[in-house]
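Asks: Chains as they are written, first to last, in my numbering: chain C, 189 to 386; chain V, 1103 to 1395.
Cβ coordinates follow ideal geometry from the N, Cα and C atoms, glycine included.
Please read all numbers here as calculations on a predicted model, not as lab measurements.
The following block contains the structure, expressed as structure tokens.
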């Protein structure tokens, strides 16, 4: 474990969804996380995770609780990792007016783009920039990323789809690294996105 | 491959955690539920309170009604089939519903056998009143467990009993020596390998939600504090005076269940809750929680 890990507190936005699983993944790396439910919680964290879940529910809860604006401001400076619904919220466009977005990474998110639950699947992803083994990826009613901007780099591909993207301080996955026992992508987020941006 | 499929099934339940799944009977109610922040809707022709009142045989819903609800909302759509009625489940799978609830709210089709849920690609949720029942359903392939409670009553007492029972029985298992687990598996009538798993981890191998009698934000907070990871609300919303406000409030309560000041604000001015039923008003043969085993 790198000594810098001890100093970090990762804020996991905990309106709804797989926030506890993200905290568990960070725990495997020996990193502390904190559930973010209020604007006060936001002041105590070094980086953020927007978990998987339902993006309509997250939009409504963040807006009703007055957390949307303070979170939006923090996302201009703090590194962030979004998975599935979280990645949808981070994009600059969404194909659905029921969901709003933070405009922090340059793509259009297409919700449930593979279809309903019966089309959900797992696959082995090859990500040489991140890990030297295949990564077991779980896609649940997953989005697709379209109109990807030129400054966004692709870290993993499934078929013709880019499924793990990075633009500066923003990391976005259309699948759920928090549901597997392998914290490799969380480690990449900490080592290459959070600690490298310091 | 089977293991991967099961991960995908429980994976959707993971995404529904900290949320509220609402019973809806038409597209308009489904839209109200989605706008209030529901993580999913359960499409059914009559909510449990009306099934209880109307009597007769309650069956799976008309496919057209399910399709209309699927068209109306972007969140997952669940639907119910009768206990043991695998043909109804096959139809629901053909409709591509996101979760199938093999539910005691409908009239059981088989008094001995529940559906062999491993045969399906669509995940199943099943109700349970105690740990052994939960583990039998998981053994058959359920990817999500919920308390049965007593549906359509607006009375939380049975859901509390079921959640506390499951928690207590899991805690007891974790105190046993390994050489005692086979005997307890025999006594409980639950699959041995799942007994071992619970004894080792202290929790169910699948997510654990609560259903049956939740009518107020405080009810939702109570069940979440007792260990429910999400809430199903059946009759509690659309049998109340102001469904849209109540739905939104219960969604907020599922997130802020540990924050009493916030819950006080959330609970204010919602109009009257559903009237509800005391357990003593229900004849033993009308108890839905006793359907299935």
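8 Å is my cut-off, CB to CB: does residue 1303 (chain V) come that close to chain C?
Replies: Position 201 of the second chain, counted from the first residue, corresponds to residue 1303 (chain V). Chain C contact via Cβ: absent.
Asks: So, helix, strand or coil for residue 1246 (chain V), using DSSP?
Replies: Along the second chain, read from residue 1 onward, the residue named residue 1246 (chain V) stands at position 144. Residue 1246 (chain V): strand per DSSP, three-state reduction.
Asks: What residues in the segment 1365-1395 of chain V have a beta carbon less than 8 Å from any beta carbon of chain C?
Replies: Flagged: no residues at all.
Asks: Is residue 1308 (chain V) close to chain C, meaning its C-beta is less than 8 Å from at least one C-beta of that chain?
Replies: Within the second chain, numbered from 1, the residue matching residue 1308 (chain V) stands at position 206. No, no contact with chain C.
Asks: Let me make sure I understand the geometry here. Which of C:379, C:272, C:221 has the alpha-carbon closest to that of residue 328 (chain C)?
Replies: Numbered from 1 along the first chain, position 140 holds the residue referred to as residue 328 (chain C). Of the listed residues, the one whose Cα sits closest to residue 328 (chain C) is C:272.
Asks: Residues in its own chain within less than 8 Å of residue 193 (chain C) by CB, not counting five upstream and five downstream?
Replies: By one-based count along the first chain, residue 193 (chain C) stands at place 5. Answer for residue 193 (chain C): 217, 218, 219, 378, listed in chain order.
Asks: Please report the Cβ distance between residue 368 (chain C) and residue 306 (chain C), rounded to the nearest whole angstrom; I am assuming they are in contact, meaning their Cβ atoms lie under 8 Å.
Replies: Sequence index remark: in the first chain, residue 368 (chain C) carries index 180 (1-based). Sequence index remark: in the first chain, residue 306 (chain C) carries index 118 (1-based). Actually they do not touch by this definition, with Cβ atoms about 21 Å apart.
Asks: Can you tell me the Cα-Cα spacing of residue 1385 (chain V) and residue 277 (chain C), whole angstroms?
Replies: Taking the second chain and counting its residues from 1, the one referred to as residue 1385 (chain V) is at position 283. Taking the first chain and counting its residues from 1, the one referred to as residue 277 (chain C) is at position 89. Going by the C-alpha atoms only, they are around 49 Å apart.
Asks: Who are the near neighbours of residue 1278 (chain V) in its chain, counting only those whose CB is closer than 8 Å to its CB and skipping five residues on each side?
Replies: Position 176 of the second chain, counting from 1, holds the residue named residue 1278 (chain V). Result list for residue 1278 (chain V): 1286, 1301, in chain order.
Asks: Would residue 364 (chain C) pass as an interface residue toward chain V - the criterion being a Cβ-Cβ separation below 8 Å?
Replies: As a position in the first chain, residue 364 (chain C) is number 176, starting the count at 1. Interface residue, yes.
Asks: Would residue 308 (chain C) count as contacting chain V if we go by Cβ distances under 8 Å?
Replies: Indexing the first chain from 1 puts residue 308 (chain C) at position 120. True, the Cβ-Cβ gap to chain V drops below 8 Å.
Asks: What are the residues in the segment 1131-1144 of chain V lying within 8 Å of chain C by C-beta distance?
Replies: Residues 1136, 1137, 1138, 1139, 1140, 1141, 1142.
Asks: Cβ atoms of residue 1359 (chain V) and residue 1317 (chain V): under 8 Å apart, would you say?
Replies: Numbered from its first residue, the second chain carries residue 1317 (chain V) at position 215. Numbered from its first residue, the second chain carries residue 1359 (chain V) at position 257. Their beta carbons are not under 8 Å apart, which means residue 1317 (chain V) does not touch residue 1359 (chain V) by this criterion.
Asks: For chain C, find out if any of its Cβ atoms is closer than 8 Å to the Cβ of residue 1095 (chain V); answer yes or no.
Replies: This structure gives no information on residue 1095 (chain V), because the portion of chain V shown stretches from 1103 to 1395.
Asks: List the endpoints of the continuous beta strand (DSSP E) containing residue 1381 (chain V).
Replies: Working through the second chain from its first residue, we reach residue 1381 (chain V) at position 279. No beta strand (DSSP E) holds residue 1381 (chain V); DSSP gives it neither H nor E.
Asks: Would you tell me roughly how many angstroms separate the C-alpha atoms of residue 1314 (chain V) and residue 296 (chain C), rounded to the nearest one?
Replies: Along the second chain, one-based indexing puts residue 1314 (chain V) at 212. Along the first chain, one-based indexing puts residue 296 (chain C) at 108. So the alpha carbons of these two residues sit roughly 40 Å apart.
Asks: Pick helix, strand or coil for residue 302 (chain C), following the three-state DSSP scheme.
Replies: In the first chain, the residue the question calls residue 302 (chain C) occupies position 114. Coil at residue 302 (chain C), not helix or strand.
Asks: Look up residue 226 (chain C) in the DSSP assignment and say whether it is helix, strand or coil.
Replies: Locating residue 226 (chain C) in the first chain gives position 38, where the first residue counts as 1. Correct three-state label for residue 226 (chain C): coil.
Asks: With C-beta atoms as the reference, is residue 214 (chain C) less than 8 Å away from residue 206 (chain C)?
Replies: Your numbering for residue 214 (chain C) matches position 26 in the first chain. Your numbering for residue 206 (chain C) matches position 18 in the first chain. Going by C-beta atoms, residue 214 (chain C) is not nearer than 8 Å to residue 206 (chain C).
Asks: Pair every Cβ in the segment 1303-1314 of chain V with every Cβ in the segment 1235-1248 of chain V, then say whether three or more of these pairs are closer than 8 Å.
Replies: The segment 1303-1314 of chain V vs the segment 1235-1248 of chain V: in contact.
Asks: Give, in chain order, every residue of the segment 190-203 of chain C whose Cβ lies closer than 8 Å to some Cβ of chain V.
Replies: Answer in chain order: 202, 203.
Asks: Could you spell out where the alpha helix (DSSP H) holding residue 380 (chain C) opens and where it closes?
Replies: Taking the first chain and counting its residues from 1, one reaches residue 380 (chain C) at position 192. That residue, residue 380 (chain C), is in no alpha helix (DSSP H); it is neither H nor E in DSSP.
Asks: Taking all protein chains shown into account, decide if residue 251 (chain C) is buried (16 or more other Cβ within 10 angstroms of its Cβ) or exposed.
Replies: Here residue 251 (chain C) corresponds to residue number 63 of the first chain, with the count starting at 1. Residue 251 (chain C) should be labelled exposed.
Asks: At least one CB of chain C closer than 8 Å to the CB of residue 1121 (chain V): is that the case?
Replies: Translated into positions along the second chain, residue 1121 (chain V) becomes position 19. Taking Cβ atoms only, chain C reaches closer than 8 Å to residue 1121 (chain V), which makes this a yes.
Asks: Cβ of residue 342 (chain C) within 7 Å of any heavy atom in the ligand PLP?
Replies: Although the ligand PLP was asked about, the structure shown includes no ligands whatsoever.
Asks: So if I threshold CB-CB distances at 9 Å, which residues from the segment 271-300 of chain C count as touching chain V?
Replies: Answer in chain order: 272, 273, 284, 286, 287, 299, 300.
Asks: Just tell me which of C:370, C:356, C:371 has its CA closest to the CA of residue 384 (chain C).
Replies: Against the first chain, residue 384 (chain C) aligns to sequence position 196. Answer by Cα proximity: C:356.
Asks: Residues of the segment 204-233 of chain C with a CB closer than 8 Å to any CB of chain V: list them in chain order, please.
Replies: Those would be 204, 205, 206, 207, 208, 209, 225, in chain order.
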